[in-house]
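In terms of this note's numbering, the numbers along the sequence shown are unbroken and rise by one, the last being 310.
By construction, the Cβ of each residue, glycine as well, lies at the ideal position given by its N, Cα and C atoms.
First the structure, in the form of structure tokens, and then the observations on it.
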Amino acid sequence: MNFHIDSIRSDEYPAIAALIHDSLVNWYESRLGQGARFGDRADPFLIFPEVYETLDPGEGIVARDAHTGELLGVCFVHPRETHHAVGIVATSSLAGGRGVARALMEETLRRAAAARKPTRLVSSLLNLDSYSLYTKLGFVPQSIFQDLLLTIPPDGLGIPAPPNIDSIRPARPDEAARLADFEASLQSLRRERDYRFFLENAVGNWKVWVSEAADGSIKGVLVVSLNPAMQMLGPGATTDEETALAMVWQALDELRGSTYVLLVPASASTLVSTLYRWGARNIELHVSQVHGESPAGSGIVFPTFLPESA
Ligand SMILES: CC(C)(COP(=O)(O)OP(=O)(O)OC[C@H]1O[C@@H](n2cnc3c(N)ncnc32)[C@H](O)[C@@H]1OP(=O)(O)O)[C@@H](O)C(=O)NCCC(=O)NCCS
């Protein structure tokens, strides 16, 4: 297949949204019979180019048919202090299996190599095409995450608040650097730009929660996407499972009457079993993957797809 790699034009966000929707619906329907998960409209997927091109202007990459100029694939790069993050990666359903995603990923890896940084992403464990794509390119799987779906009844979870709930408060607008430092103290990654973006709250709709110890040190951060097109908790990081649980409870308590997804480390067994008791259902599994050197972290992390983080 003859195609070339290019940047995203500002007039093609609707075409990008349509491509992402088409690739997800077709892949999940043909392999798992779950295409309906992504709805029948492409416009909610505008959130990807809108958020990503605001967050990292010019870092979206597309593959175009060399003759017609038609979009065949897209992916987004998020260069950060310690690493490059990548996501979402999608190939048009008519162009699958012909090297489009590989070419896009090779371009992302060239950029990371030029910056001398590792590349991080989160990939579905139900999707062997993407798992294989990344591991064939040298990515190494790290931690498994359970995608847990929770419906919060209109009158709340009906579960008493966990201990330490009083330590949780909304983040202040000037806290981006502090939140990034906190996450960097646990994980081998720092991404102040993401926290600044959430706190500025100009595109998308975000709320950022912080857990603070009595001595003023941060014990956790959890971002909530309030955009109806992406009802997810995360990204987030906490020092321990107890803090994670309190933060999730606090976030969910403000989301009564809605359904949310969060990615929880499968190894956080207390957190997972408690969320099961709260009614959580597994809908997918993901694995974080790293290309290049990146030491293992500590604490609890909640990855997301917007922006992709691991
Ligand atoms: C995942 C996706 C991006 C792959 O795109 P694609 O353009 O078809 O992928 P490519 O043809 O470039 O590459 C696929 C690679 O995986 C390999 N592969 C696929 N399934 C494999 C398997 N079961 N075992 C080993 N290798 C496998 C292919 O051989 C190819 O490797 P190669 O380049 O070394 O030959 C595409 O299926 C898609 O858009 N899916 C829906 C959206 C999605 O789920 N995105 C990923 C989010 S994590």
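Could you tell me which residues DSSP puts in a beta bridge with residue i?
i	result
residue 61	7, 75
residue 302	236
residue 225	206
residue 285	146
residue 91	73
residue 84	79, 119
residue 307	Beta-bridge pairing links residue 307 to no other residue.
residue 291	119
residue 259	151
residue 264	146
Please list, in chain order, all residues of the same chain as residue i whose beta carbon is under 6 Å from its beta carbon, the five residues on each side excluded.
i	result
residue 89	75, 101
residue 83	117, 118, 120, 189
residue 288	122, 142, 143, 310
residue 266	144, 146
residue 294	118, 188
residue 148	262, 264, 275, 280
residue 80	191
residue 70	none
residue 2	66
residue 239	219, 299
residue 304	232, 234, 235
In its own chain, which residues sit with a C-beta less than 7 Å from the C-beta of residue i, not counting the 5 before and 5 after it?
i	result
residue 161	249
residue 297	186, 187, 188
residue 22	92, 93
residue 233	222, 224, 248, 251, 260, 262, 302
residue 52	60, 76, 307
residue 196	176
Taking residue i as the reference, which of the options has the closest Cα?
i	options	result
residue 302	63, 26, 272, 293	272
residue 6	33, 61, 24	61
residue 341	187, 164, 186, 191	Lying outside 1 to 310, the shown extent of the chain, residue 341 is not represented and no answer is given.
residue 19	63, 169, 53	63
residue 203	132, 49, 4, 24	49
residue 261	124, 237, 193, 284	284
residue 153	91, 257, 159, 225	257
residue 331	195, 169, 59, 282	Any question about residue 331 goes unanswered here, given that the chain covers just 1 to 310.
residue 277	200, 163, 128, 159	159
residue 220	214, 163, 300, 172	300
residue 96	24, 44, 57	24
residue 268	254, 245, 193	245
residue 4	51, 173, 67	67
residue 168	193, 214, 195, 70	214
residue 17	132, 26, 41, 236	41
residue 139	112, 126, 54, 205	112
residue 8	54, 32, 30, 43	54
residue 12	194, 216, 235, 72	72
residue 228	134, 205, 165	205
residue 200	172, 184, 26	172
residue 137	110, 198, 231, 57	110
residue 15	30, 32, 47	47
residue 226	198, 240, 132, 30	198
residue 44	26, 230, 165	230
residue 254	32, 10, 208, 126	208
residue 128	58, 32, 114	32
residue 270	99, 194, 242, 133	242
Excluding the 5 residues preceding and the 5 following residue i in the sequence, name in chain order all residues of the same chain whose CB lies nearer than 8 Å to its CB.
i	result
residue 218	178, 179, 182, 210, 211, 212
residue 28	34, 35, 37, 38
residue 130	89, 101, 123, 124
residue 155	256
residue 86	75, 76, 77, 78, 105, 108, 119, 120, 121, 308
Contiguous beta strand (DSSP E) assignments of at least 3 residues, all confined to the stretch 162-222: 168-170, 206-212
Within the stretch 95-168, ranges of the beta strand (DSSP E) (whole runs, at least 3 residues): 119-124, 140-151
Complete runs of the alpha helix (DSSP H) confined to the stretch 11-46 [at least 4 residues]: 13-32
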